[in-house]
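Those letters in the sequence shown? Residues 1318 to 1397, by the numbering used here.
Notes for the one structure printed next.
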Amino acid sequence: MKTLYHNRIFPVILEEDETGGYVVINPAIEGCYSQGETIEEALENIKEATELCLEEPAQKAQTKIRNISLHLINLNGKYA
């Protein structure tokens, strides 16, 4: 049975892989990561991985969703 997560938004970290493609991590859920050949594919794959992490009964019992926020800092050109 699918659990519904109404409009839950998760931050993800996308990084270009040295060997090609992209790696994407959902830092709010420990161990939740995926990859893809393109940015679009990586983002679709992390959506699926996140849903699986939240739906699998064994995973669900162990899954703790952490509150993550993104903050930008300005170094005022010191390291340009």
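The beta carbon of each residue, even a glycine, is placed where N, CA and C say it ideally should be.
It should be emphasised that the depicted structure is a prediction, and the values quoted were computed from it without experimental measurement.
Reduced DSSP secondary structure (H/G/I, E/B, other) of residue i
i, result
"I1330", "strand"
"I1385", "coil"
"I1342", "strand"
Residue range of the unbroken alpha helix (DSSP H) whose run includes residue i
i, result
"I1363", "I1356 to E1372"
Cβ shell of residue i (< 8 Å), same chain only, five flanking positions each side left out
i, result
"Y1350", "V1340, V1341, I1342, N1343, I1363 and A1366"
"G1353", "G1338, Y1339, V1341, A1359, L1360, E1361 and N1362"
Residue range of the beta strand (DSSP E) that includes residue i
i, result
"G1353", "Y1350 to G1353"
"I1390", "Per DSSP, I1390 belongs to no beta strand (DSSP E) and is neither H nor E."
Residue i and residue j closer than 8 Å at C-beta
i, j, result
"P1328", "I1390", "no"
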